[in-house]
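Asks: Just so we're aligned: the sequence shown equals residues 46 to 98 in the numbering used here.
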Amino acid sequence: MSLITRTEIETLIAPHEAPCITITMPTHRRGTDVLENPIRLKNLLDQAEERLV
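1) Am I right that residue 97 and residue 64 are in contact with their C-beta atoms under 8 Å? What's the rounded C-beta distance?
2) Hey, residue 51 and residue 70 are a contact pair by Cβ (cut 8 Å); roughly how many whole angstroms apart?
3) To the nearest angstrom, how far is the alpha carbon of residue 80 from that of residue 62?
4) In whole angstroms, give me the CA-to-CA distance for residue 95 and residue 74.
5) For the candidate residues 68, 47, 54, whose alpha-carbon lies nearest to that of residue 89?
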């Protein structure tokens, strides 16, 4: 995975029209647990979508 660029950070912190959400989650950095990261993110995105609909 590559590091986030300055341009990407500036895009993220720039004002956006509502609605906006922030999703944060702890991630595993090594070992077989890293395979859980994409699944956890997908589940969080699904939950956010359900709450917004």
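Quick reminder that beta carbons are idealized off the backbone N, C-alpha and C, glycines included.
Replies: In terms of the structure at hand:
1) Reading the sequence shown from its first residue, position 52 is the one you call residue 97. Reading the sequence shown from its first residue, position 19 is the one you call residue 64. That belief holds up - the Cβ atoms of residue 97 and residue 64 are roughly 7 Å apart, short of 8 Å.
2) Position 6 of the sequence shown, counted from the first residue, corresponds to residue 51. Position 25 of the sequence shown, counted from the first residue, corresponds to residue 70. With a Cβ gap of about 24 Å, residue 51 and residue 70 do not count as contacting.
3) Here the question's residue 80 lines up with position 35 in the sequence shown. Here the question's residue 62 lines up with position 17 in the sequence shown. For residue 80 and residue 62, the distance between alpha carbons rounds to 34 Å.
4) In the sequence shown, residue 95 corresponds to position 50, counting from 1. In the sequence shown, residue 74 corresponds to position 29, counting from 1. Answer to the nearest angstrom: the Cα atoms are 28 Å apart.
5) Taking the first residue of the sequence shown as 1, we reach residue 89 at position 44. If we check each option's Cα against that of residue 89, 68 comes out closest.
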